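Student:
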Amino acid sequence: LGSRAECRAAYWRAMSTERLRLGILGAARHVPLSVLLPIEHNADLAQRVEVVGVGARDPEEAAMIAKEWGIAKAYGSFEELLLDPNIDAVYNVLPNYLRAHWTVRALLAGKHVLVETPLASNAAEALAVQRAAEDSGRVMLEGSHPTTHPMAARVRQMVSTGKIGALERIELKMNVGFSKQGSLVCGKLGALMALGAHCVGLIRSLAGEELHVIRASAKRSKKDHNVDEAIRCRMSLASGAEANFECSVDPAKKGETPAELTVYGTDGILRVKEWFSGKGSVANEIAIEHFEGCGAESAESIDNPSPETRDAFYYQLMSFTDEVREQTKKGRRSCGMPWDYTYSLATPANAVRNLAVLDAIYLAAGLHPRPTFHPPPAPYNTIGASKL
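Under the working numbering, read the sequence shown as residues 12 to 399, first letter to last.
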């Protein structure tokens, strides 16, 4: 028998004529980077998924985006896209305050959903999304693309197997410079929702433990005092270790290293540079400092045959298609439940936990958690209603 990866590859070759038909819900400018280019540049991914349509707020916008991106069909409303039986799944790239509502609408329409991080404005909304995914019998994954990359999986394995002894501390810095348009969007969303959501999800994934917020501080935007331009947070883990992260959407940070991860253990230190910016601009090496042997250093490379095209967005789509195929093979009765997820850690249950931590960080930093502006549709608008 071949390896699990070989078996999966053989299975997908046999199923190549049944590609997952994906519709894009919204017209975010990063869609080419996060969806279209990974499919175009990787034949194995193109065998699994095809983008068949894009939906926007009005017909003219949808037609313009479809033409610009080379997508076959344009939908003049989100409802029209969701009603199309020729769409199996949607990628929800709508603004954060709309995501929970339209993710639930998509699930109710019988679509599998991949949704941007964070998938909701707060933990109560995320809980409603989780319930909708379970009730609908559909796969729902959060687009936490850093956690899907083999680099994250290897670091997680090294930590869990004691490669550097017992975990003591995780440090993550994510000061990202955006394009002009990206800066405008993230400047309104704030550092915690734009980047901190990835930090929290990644730390929980690597540590395999829940987080408790000890303290947090925010640098508030001069344009809007209620928006965090930068944030720092210190957290404790159940094992007694700690985790710290800092992130910023300050335009002045443009050009700095997007992310640096350092994991400290009782027997050594792991250091990893950023691996999830896309466009092939990724690190592929883990530096290891061993305390034994007078601080000997070594390095380990991740097996990635095409790092210039197989970035975190590629692996995100691969895990989504794997998850959909694996769960739908079992039938609807065994699809969408917490125990059904096999290939991804970005599950609805984990999204709820991540957003609960984000809510706690806002409070610790003297800010209010993000409110609900667009509640999920009935009957999911009553789940956690006292918290919305």
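Here a beta-carbon is modelled for each residue, glycine too, at the ideal position from N, C-alpha and C.
Keep in mind the model is a prediction, meaning the values are calculated, not measured.
The alpha helix (DSSP H) with D370 in it runs from where to where?
Tutor: As a first step, residue 370 is located in the sequence shown; it is residue number 359 there, counting from the start. Looking at the DSSP string, the run of the alpha helix (DSSP H) that includes D370 is P359 to A375.
Student: Using a 10 Å radius around the Cβ and a threshold of 16 neighbouring Cβ atoms, would you call F384 buried or exposed?
Tutor: As a working mapping, residue 384 is identified with position 373 in the sequence shown. With fewer than 16 Cβ atoms within 10 Å of its Cβ, F384 is classed as exposed.
Student: Would you give the residue range spanned by the alpha helix (DSSP H) that K78 belongs to?
Tutor: Residue numbering aside, residue 78 sits at position 67 when the sequence shown is read from its first letter. Its alpha helix (DSSP H) spans residues P70 to W80.
Student: Output needed for K122: all residues of its chain with C-beta closer than 6 Å, excluding positions within five of it in sequence on either side, in chain order.
Tutor: On the sequence shown, position 111 is the one that residue 122 refers to. A100 and V101.
Student: By Cβ distance below 6 Å, which residues in the same chain neighbour E380 in space, the five residues on each side in sequence not counted?
Tutor: As a first step, residue 380 is located in the sequence shown; it is residue number 369 there, counting from the start. According to the sequence displayed, residue 380 carries Pro and not Glu. Result list for P380: N133, D370 and Y373, in chain order.
Student: From the DSSP output, which residues share a beta bridge with V65?
Tutor: Within the sequence shown, residue 65 is the residue found at index 54, counting from 1. V65 pairs with I35 and A85.
Student: Taking just the CA atoms, how far does V368 sit from P386?
Tutor: Here residue 386 is taken as the residue at index 375 of the sequence shown, counted from 1. Here residue 368 is taken as the residue at index 357 of the sequence shown, counted from 1. If you take the alpha carbons of P386 and V368, they lie about 20 Å apart.
Student: Which stretch, first to last residue, makes up the alpha helix (DSSP H) that contains E303?
Tutor: As a working mapping, residue 303 is identified with position 292 in the sequence shown. E303 to G306 is the extent of the alpha helix (DSSP H) around E303.
Student: Start and end of the beta strand (DSSP E) containing V260?
Tutor: Within the sequence shown, numbered from 1, the residue matching residue 260 stands at position 249. Where V260 is concerned, there is no enclosing beta strand (DSSP E), given that its DSSP letter is neither H nor E.
Student: Which ranges does the alpha helix (DSSP H) cover as unbroken runs of at least 4 residues, wholly within the region 203-262, from first to last along the chain?
Tutor: 208-218
Student: With contact counted as at least three CB pairs below 8 Å, one residue from each stretch, are the region 83-90 and the region 65-75 in contact?
Tutor: yes
Student: Taking the beta carbon of R361 as the centre, do at least 16 other beta carbons fall within 10 Å, making it buried, or is it exposed?
Tutor: Against the sequence shown, residue 361 aligns to sequence position 350. At residue 361 the sequence reads Asn, which differs from the Arg that was named. Looking at its Cβ environment, which holds 16 or more other Cβ atoms inside 10 Å, N361 is buried.
Student: On the DSSP bridge assignment, give the partners of I297 in chain order.
Tutor: The count along the sequence shown starts at 1 and reaches residue 297 at position 286. Per DSSP, V283 and E311.
Student: Of the choices S259, R165, L222 and G377, whose alpha-carbon is the least far from that of A205?
Tutor: Within the sequence shown, numbered from 1, the residue matching residue 205 stands at position 194. Checked all of S259, R165, L222 and G377; the closest Cα to A205 is S259.
Student: For E253, which residues of its own chain have a beta-carbon under 6 Å away from its beta-carbon, when the five flanking residues on both sides are left out?
Tutor: Locating residue 253 in the sequence shown gives position 242, where the first residue counts as 1. For E253, where only same-chain residues beyond five positions count, the Cβ hits under 6 Å are R180 and S247.
Student: With a threshold of 16 other CB atoms inside 10 Å of the CB of E393, please say whether the residue is buried or exposed.
Tutor: The count along the sequence shown starts at 1 and reaches residue 393 at position 382. The identity of residue 393 in the sequence shown is Thr, whereas the question assumes Glu. Exposed, since its Cβ has fewer than 16 Cβ neighbours within 10 Å.
Student: If you reduce the DSSP assignment to three classes, tell me which class N107 lands in.
Tutor: Translated into the one-based positions of the sequence shown, residue 107 becomes position 96. If DSSP states are grouped into helix, strand and coil, N107 belongs with the helices.
Student: Quick test of the definition: if touching needs 3 or more C-beta pairs under 8 Å, does the region 136-148 touch the region 226-243?
Tutor: no
Student: Answer with buried or exposed for S330, where buried requires no fewer than 16 other C-beta atoms within 10 angstroms of its C-beta.
Tutor: Counting from 1 along the sequence shown, the entry for residue 330 is found at position 319. S330 should be labelled buried.
Student: Could you work out which residue in D146, A74 and E127 is closest to S45 when comparing CA atoms only?
Tutor: Translated into the one-based positions of the sequence shown, residue 45 becomes position 34. The shortest C-alpha separation from S45 is found at E127.
Student: Is the CB-CB distance between L272 and I175 below 9 Å?
Tutor: For the purposes of this step, residue 272 is identified with residue 261 of the sequence shown, where counting begins at 1. For the purposes of this step, residue 175 is identified with residue 164 of the sequence shown, where counting begins at 1. Going by C-beta atoms, L272 is not nearer than 9 Å to I175.
Student: For M151, list the residues DSSP reports as bridge partners.
Tutor: Here residue 151 corresponds to residue number 140 of the sequence shown, with the count starting at 1. M151 pairs with V124.
Student: Given that a residue counts as buried once 16 or more other Cβ atoms are within 10 Å of its Cβ, and exposed if not, what is K225?
Tutor: Looking up residue 225 in the sequence shown gives position 214. The sequence as given places Ile at residue 225; Lys does not occur at that position. Result: exposed.
Student: Whose CA, out of R59, H301 and A229, lies closest to the CA of F256?
Tutor: Here residue 256 is taken as the residue at index 245 of the sequence shown, counted from 1. Selected option, being the one with the closest Cα: A229.
Student: Tell me where the beta strand (DSSP E) around V170 begins and ends.
Tutor: The sequence position of residue 170 within the sequence shown is 159, counting from 1. Where V170 is concerned, there is no enclosing beta strand (DSSP E), although the alpha helix (DSSP H) it sits in stretches over P161 to S171.
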